[in-house]
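Visitor: For the sequence shown, counting from 1, position 124 maps to 123 in the working numbering; every step adds exactly one.
C-beta: ideal position from N, C-alpha, C; glycine also.
Just so we're clear, the structure is a prediction, and the values are computed from it rather than from any experiment.
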Amino acid sequence: MIVAYCDCSVDLPLVSVGYVLFRSSNGDEEFLDSGMRLLNADQCPRQINWTTMKAEYYAAIIATRAALDYDNSTLLLNCDSKETVRKIKQDEWNKEAYFPHTLFSFLNRYNDWHLSNVDRSNNEAAHQQARNGLRIGRDLQNGVL
Numbered sequence: 000m001i002v003a004y005c006d007c008s009v010d011l012p013l014v015s016v017g018y019v020l021f022r023s024s025n026g027d028e029e030f031l032d033s034g035m036r037l038l039n040a041d042q043c044p045r046q047i048n049w050t051t052m053k054a055e056y057y058a059a060i061i062a063t064r065a066a067l068d069y070d071n072s073t074l075l076l077n078c079d080s081k082e083t084v085r086k087i088k089q090d091e092w093n094k095e096a097y098f099p100h101t102l103f104s105f106l107n108r109y110n111d112w113h114l115s116n117v118d119r120s121n122n123e124a125a126h127q128q129a130r131n132g133l134r135i136g137r138d139l140q141n142g143v144l
């Protein structure tokens, strides 16, 4: 089973999402991967009016897609946004169709998947990835890199 954690950091026009992946077997977890994705919302071709909730949903998409590189049997996706988890589970997303369409196109590749809300303290590694992306984005904007 792949256990994924995802989170976001937003400072418009920068949107950064982070993820951390583990393989879980018999109570043991083995680190697989971590990463982030940074985008400039002003340059996003989808014309999305970015909010933190949309960024949280995007983080779930990126983590789910990254986990497919390792295994497609079972995914446990963890997010620290209760509202985002609720909207995904209850299929209540009434904004841009891109988000649920993309997420479920990836989730449906798994034999089994689960989405859980975790306390922010248990999601710190994914949040750190997102913050790192935001820091890099700010440096790029300021011509530091």
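In chain order, what residues of the same chain lie with their CB nearer than 6 Å to the CB of Ser-23, ignoring the 5 residues before and after it?
Guide: If you number the sequence shown from 1, residue 23 lands on position 24. Met-0 and Val-2, listed in sequence order.
Visitor: For the beta strand (DSSP E) that Gly-17 lies in, which residues bound it at each end?
Guide: As a working note, residue 17 is residue 18 in the sequence shown. Its beta strand (DSSP E) spans residues 13–24.
Visitor: Would you call the segment 5–12 and the segment 96–111 touching, i.e. three or more CB-CB distances under 8 Å?
Guide: No, the segment 5–12 does not touch the segment 96–111.
Visitor: Helix, strand or coil: how does DSSP classify Ile-1 here?
Guide: Taking the sequence shown and counting its residues from 1, one reaches residue 1 at position 2. Strand.
Visitor: Mind checking whether Tyr-57 and Gln-128 have CB atoms under 8 Å apart?
Guide: Mapped onto the sequence shown, residue 57 falls at position 58. Mapped onto the sequence shown, residue 128 falls at position 129. No, Cβ-Cβ distance for Tyr-57 and Gln-128 is not below 8 Å.
Visitor: What alpha helix (DSSP H) runs, 4 residues minimum, are completely inside the segment 37–67?
Guide: With a minimum length of 4 residues, the continuous alpha helix (DSSP H) runs that stay inside the segment 37–67 are 51–66.
Visitor: For the pair the segment 76–96 and the segment 35–44, tell me if three or more CB-CB distances fall below 8 Å.
Guide: No, they do not touch.
Visitor: Taking 8 Å as the limit between beta carbons, can you name the residues of its chain near Gln-71, skipping five residues before and five after?
Guide: Mapped onto the sequence shown, residue 71 falls at position 72. According to the sequence displayed, residue 71 carries Asn and not Gln. Only Arg-108, Tyr-109 and Asn-110 meet the Cβ criterion.
Visitor: If you drop the 5 nearest sequence neighbours on each side, which residues of the same chain put their C-beta closer than 8 Å to that of Asn-48?
Guide: The sequence position of residue 48 within the sequence shown is 49, counting from 1. Within the same chain, Asn-48 has no close Cβ partners at all.
Visitor: Pick helix, strand or coil for Glu-95, following the three-state DSSP scheme.
Guide: Here residue 95 refers to the residue found at position 96 when the sequence shown is read from its first residue. DSSP places Glu-95 in coil when its eight states are reduced to three.
Visitor: Pick helix, strand or coil for Asp-6, following the three-state DSSP scheme.
Guide: The residue given as residue 6 occupies position 7 in the sequence shown. Three-state DSSP puts Asp-6 in a strand.
Visitor: Measure how close the beta-carbons of His-126 and Asp-6 come, nearest whole angstrom, since I'm counting them as under 8 Å.
Guide: Taking the first residue of the sequence shown as 1, we reach residue 126 at position 127. Taking the first residue of the sequence shown as 1, we reach residue 6 at position 7. So it is a contact: roughly 4 Å between Cβ atoms.
Visitor: Considering Asn-77, what are the terminal residues of the beta strand (DSSP E) in which it resides?
Guide: Your numbering for residue 77 matches position 78 in the sequence shown. Where Asn-77 is concerned, the enclosing beta strand (DSSP E) stretches over 73–78.
Visitor: Using DSSP with H/G/I as helix, E/B as strand and the rest coil, what is Asn-122?
Guide: The count along the sequence shown starts at 1 and reaches residue 122 at position 123. Helix, per DSSP.
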